[in-house]
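Residue numbers are given in UniProt numbering: position 32 of the sequence shown equals residue 32, and the series is strictly consecutive. Yeah, the Cβ is synthetic: ideal placement off N, Cα and C, and Gly gets one too. Keep in mind that this is a model prediction, so the values were computed, not measured. Just below is one structure, and these are the notes that go with it.
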Amino acid sequence: MGSDIESLPMPEEKDFRDYILVLPIPNMPPVYVYLSKPPVKLLEVDLYRNFTGRLRNGTHADHMPSAAAIKAAAKRLNPMLRPKELNKQVKDVAAIIIPSKVHQKYSETFGGRNTPEQIAKDAENLKQAVDNNFNTLKPYLEEEGFSEQELESAHQKIHDINQKQRLYK
(Lines of atoms letter the chains of each structure in order from A and count residues from 1; the text may use other names and numbers.)
(Lines give C-alpha, C1' and ligand atoms only; values in the text may rest on other atoms or scores of the structure.)
Protein backbone atom coordinates (compact mmCIF):
# COMPACT_ATOMS: atom_id res chain seq x y z
CA MET A 1 0.00 0.00 0.00
CA GLY A 2 1.80 3.11 -1.21
CA SER A 3 0.90 6.72 -0.91
CA ASP A 4 1.05 9.54 -3.38
CA ILE A 5 2.49 12.62 -1.75
CA GLU A 6 2.40 15.82 -3.72
CA SER A 7 4.66 18.65 -2.69
CA LEU A 8 3.97 22.02 -4.21
CA PRO A 9 5.97 25.20 -3.86
CA MET A 10 4.91 27.30 -0.94
CA PRO A 11 2.98 30.46 -1.87
CA GLU A 12 4.80 33.79 -1.64
CA GLU A 13 2.71 34.67 1.40
CA LYS A 14 4.33 32.80 4.26
CA ASP A 15 1.90 33.67 7.02
CA PHE A 16 1.17 30.40 8.75
CA ARG A 17 -2.14 31.71 10.06
CA ASP A 18 -3.33 30.89 6.54
CA TYR A 19 -2.67 27.16 6.92
CA ILE A 20 -4.31 24.30 8.74
CA LEU A 21 -2.56 21.12 9.77
CA VAL A 22 -4.35 17.93 8.77
CA LEU A 23 -3.47 14.50 10.16
CA PRO A 24 -5.29 12.29 7.65
CA ILE A 25 -4.46 8.81 9.00
CA PRO A 26 -2.10 7.29 11.53
CA ASN A 27 1.47 6.71 10.33
CA MET A 28 1.13 9.29 7.57
CA PRO A 29 2.97 12.60 7.75
CA PRO A 30 0.85 15.69 8.46
CA VAL A 31 -0.45 17.73 5.58
CA TYR A 32 -0.48 21.52 5.57
CA VAL A 33 -3.46 22.91 3.68
CA TYR A 34 -3.22 26.49 2.45
CA LEU A 35 -6.39 28.52 2.92
CA SER A 36 -6.55 30.90 0.01
CA LYS A 37 -8.00 34.34 0.67
CA PRO A 38 -10.23 35.81 -2.03
CA PRO A 39 -8.72 38.51 -4.25
CA VAL A 40 -9.75 42.09 -3.55
CA LYS A 41 -12.49 43.80 -5.55
CA LEU A 42 -12.38 47.35 -6.86
CA LEU A 43 -14.07 49.83 -4.50
CA GLU A 44 -14.09 47.23 -1.72
CA VAL A 45 -13.90 49.01 1.64
CA ASP A 46 -12.68 47.39 4.84
CA LEU A 47 -10.12 47.78 7.57
CA TYR A 48 -6.66 48.03 6.03
CA ARG A 49 -5.56 44.93 7.98
CA ASN A 50 -8.24 42.82 6.29
CA PHE A 51 -6.58 43.32 2.90
CA THR A 52 -3.32 41.75 4.08
CA GLY A 53 -2.43 38.62 2.15
CA ARG A 54 -5.07 39.10 -0.52
CA LEU A 55 -4.22 39.21 -4.20
CA ARG A 56 -4.30 42.82 -5.44
CA ASN A 57 -4.00 42.45 -9.26
CA GLY A 58 -3.04 46.03 -10.16
CA THR A 59 -4.89 47.65 -7.31
CA HIS A 60 -3.87 49.39 -4.11
CA ALA A 61 -5.49 49.54 -0.70
CA ASP A 62 -5.58 53.28 -0.02
CA HIS A 63 -5.72 54.29 3.66
CA MET A 64 -8.53 56.77 4.29
CA PRO A 65 -7.23 58.93 5.99
CA SER A 66 -3.54 58.43 5.29
CA ALA A 67 -1.41 56.26 7.55
CA ALA A 68 0.82 59.25 8.29
CA ALA A 69 -2.17 61.37 9.39
CA ILE A 70 -3.38 58.56 11.67
CA LYS A 71 0.07 58.32 13.28
CA ALA A 72 0.31 62.10 13.72
CA ALA A 73 -3.17 62.32 15.26
CA ALA A 74 -2.48 59.38 17.59
CA LYS A 75 0.85 60.88 18.72
CA ARG A 76 -0.85 64.21 19.40
CA LEU A 77 -3.52 62.53 21.54
CA ASN A 78 -1.09 60.18 23.28
CA PRO A 79 2.60 61.10 22.96
CA MET A 80 3.57 57.97 24.91
CA LEU A 81 2.31 55.53 22.24
CA ARG A 82 4.95 53.03 21.21
CA PRO A 83 5.74 52.38 17.54
CA LYS A 84 4.08 48.94 17.75
CA GLU A 85 0.84 50.53 18.98
CA LEU A 86 1.02 53.20 16.28
CA ASN A 87 1.48 50.57 13.58
CA LYS A 88 -1.54 48.67 14.91
CA GLN A 89 -3.68 51.81 14.73
CA VAL A 90 -2.61 52.40 11.13
CA LYS A 91 -3.90 48.94 10.20
CA ASP A 92 -7.21 49.55 11.97
CA VAL A 93 -8.35 52.32 9.65
CA ALA A 94 -10.62 52.19 6.61
CA ALA A 95 -9.04 51.52 3.24
CA ILE A 96 -10.52 51.37 -0.23
CA ILE A 97 -9.33 49.25 -3.14
CA ILE A 98 -8.64 51.45 -6.15
CA PRO A 99 -6.64 51.04 -9.37
CA SER A 100 -2.95 51.49 -8.57
CA LYS A 101 -2.54 54.06 -11.36
CA VAL A 102 -5.28 56.26 -9.85
CA HIS A 103 -3.69 56.00 -6.40
CA GLN A 104 -0.20 56.77 -7.65
CA LYS A 105 -1.12 59.64 -9.97
CA TYR A 106 -3.90 61.43 -8.12
CA SER A 107 -4.06 60.67 -4.40
CA GLU A 108 -3.30 63.71 -2.24
CA THR A 109 -1.33 61.51 0.10
CA PHE A 110 0.64 59.16 -2.17
CA GLY A 111 4.41 59.27 -1.86
CA GLY A 112 5.98 62.71 -1.99
CA ARG A 113 2.61 64.49 -2.10
CA ASN A 114 2.05 63.60 1.54
CA THR A 115 4.17 66.45 2.84
CA PRO A 116 4.62 67.27 6.54
CA GLU A 117 2.19 70.18 6.01
CA GLN A 118 -0.40 67.87 4.42
CA ILE A 119 0.01 65.32 7.23
CA ALA A 120 -0.39 67.97 9.94
CA LYS A 121 -3.49 69.41 8.24
CA ASP A 122 -5.06 65.97 7.83
CA ALA A 123 -4.23 64.93 11.41
CA GLU A 124 -6.17 67.93 12.74
CA ASN A 125 -9.42 66.74 11.14
CA LEU A 126 -9.37 63.10 10.04
CA LYS A 127 -12.93 63.14 8.70
CA GLN A 128 -12.20 66.17 6.53
CA ALA A 129 -8.99 64.48 5.36
CA VAL A 130 -11.05 61.49 4.15
CA ASP A 131 -13.48 63.78 2.34
CA ASN A 132 -10.71 65.82 0.72
CA ASN A 133 -8.73 62.82 -0.52
CA PHE A 134 -11.82 60.91 -1.66
CA ASN A 135 -13.16 63.93 -3.54
CA THR A 136 -9.77 64.40 -5.20
CA LEU A 137 -9.86 60.78 -6.44
CA LYS A 138 -13.54 60.75 -7.38
CA PRO A 139 -13.33 62.22 -10.93
CA TYR A 140 -10.56 59.79 -11.83
CA LEU A 141 -12.54 56.87 -10.43
CA GLU A 142 -15.52 58.03 -12.50
CA GLU A 143 -13.22 57.96 -15.55
CA GLU A 144 -12.50 54.32 -14.65
CA GLY A 145 -16.23 53.64 -15.03
CA PHE A 146 -17.54 53.77 -11.47
CA SER A 147 -20.94 55.37 -10.94
CA GLU A 148 -21.75 58.20 -8.57
CA GLN A 149 -23.84 55.77 -6.51
CA GLU A 150 -21.00 53.21 -6.22
CA LEU A 151 -18.55 55.91 -5.20
CA GLU A 152 -20.84 57.52 -2.62
CA SER A 153 -21.64 54.11 -1.15
CA ALA A 154 -17.91 53.40 -0.75
CA HIS A 155 -17.33 56.89 0.68
CA GLN A 156 -20.04 56.36 3.30
CA LYS A 157 -18.66 52.93 4.20
CA ILE A 158 -15.23 54.51 4.81
CA HIS A 159 -16.84 56.91 7.28
CA ASP A 160 -18.85 54.12 8.92
CA ILE A 161 -15.72 52.03 9.52
CA ASN A 162 -13.69 54.96 10.83
CA GLN A 163 -16.50 56.02 13.16
CA LYS A 164 -16.77 52.46 14.46
CA GLN A 165 -12.98 52.58 15.07
CA ARG A 166 -13.56 55.88 16.94
CA LEU A 167 -11.28 57.88 14.69
CA TYR A 168 -13.92 60.59 14.50
CA LYS A 169 -17.66 61.16 14.95
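Inter-residue CB distance, residue i and residue j (contact presumed, cutoff 8 Å)
| i | j | result |
| --- | --- | --- |
| Met64 | Ile98 | That pair is no contact at about 10 Å. |
| Ala154 | Val45 | 5 Å |
| Arg49 | Lys91 | 4 Å |
N- and C-terminal bounds of the beta strand (DSSP E) containing residue i
| i | result |
| --- | --- |
| Val90 | Unbroken run through Val90 is the alpha helix (DSSP H), 83-91; no beta strand (DSSP E). |
| Thr59 | 59-63 |
| Val45 | 45-47 |
| Pro99 | 94-99 |
Sequence-distant residues of its chain with Cβ nearer than 8 Å to residue i (five each side left out)
| i | result |
| --- | --- |
| Val102 | Leu137, Tyr140, Leu141, Glu144 |
| Met1 | Because the pLDDT at Met1 is just 47, under 50, the model does not fix this residue reliably, and the value given afterwards should be weighed accordingly. Here the set comprises nothing. |
| Gly111 | Gln104 |
Contacting residues, own chain, Cβ-Cβ under 6 Å from residue i (five flanking each side not counted)
| i | result |
| --- | --- |
| Ala68 | Asn114, Ile119 |
| Asp131 | none |
| Leu167 | Leu126 |
| Pro116 | none |
Selection from the options that minimises the alpha carbon distance to residue i
| i | options | result |
| --- | --- | --- |
| Gly58 | Tyr48, Pro39, Asn50 | Pro39 |
| Lys84 | Val93, Leu77, Lys71 | Lys71 |
| Thr52 | Asp122, Phe146, Lys88 | Lys88 |
| Leu151 | Leu43, Leu23, Asn27 | Leu43 |
| Gln128 | His159, Glu148, Gln149, Pro24 | His159 |
| Lys124 | Asn27, Val33, Ala73, Pro24 | Just to set this straight, residue 124 is Glu in the shown sequence, not Lys. Looking at the Cα atoms, Ala73 is the closest of the given residues. |
| Lys164 | Pro24, Ile25, Leu47, Pro26 | Leu47 |
| Phe146 | Ile25, Lys41, Pro24 | Lys41 |
| Asp122 | Ser66, Pro24, Leu23 | Ser66 |
Residue i, enclosing alpha helix (DSSP H) - first and last residue
| i | result |
| --- | --- |
| Pro26 | Here Pro26 belongs to no alpha helix (DSSP H), and DSSP marks it neither H nor E. |
| Leu126 | 126-143 |
| Ser153 | 148-164 |
| Phe77 | For clarity, residue 77 is Leu in the given sequence; the question names Phe instead. Element bounds for Leu77: 67-77. |
Under 8 Å between C-beta atoms of residue i and residue j
| i | j | result |
| --- | --- | --- |
| Met161 | Ala94 | Residue 161 is actually Ile in this sequence, not Met. The answer is yes: Cβ separation under 8 Å. |
| Arg56 | Lys37 | no |
| Asn78 | Glu108 | no |
Proximal residues to residue i (C-beta, below 7 Å), its chain only, five neighbours per side dropped
| i | result |
| --- | --- |
| Lys157 | Val45 |
| Pro24 | Val31 |
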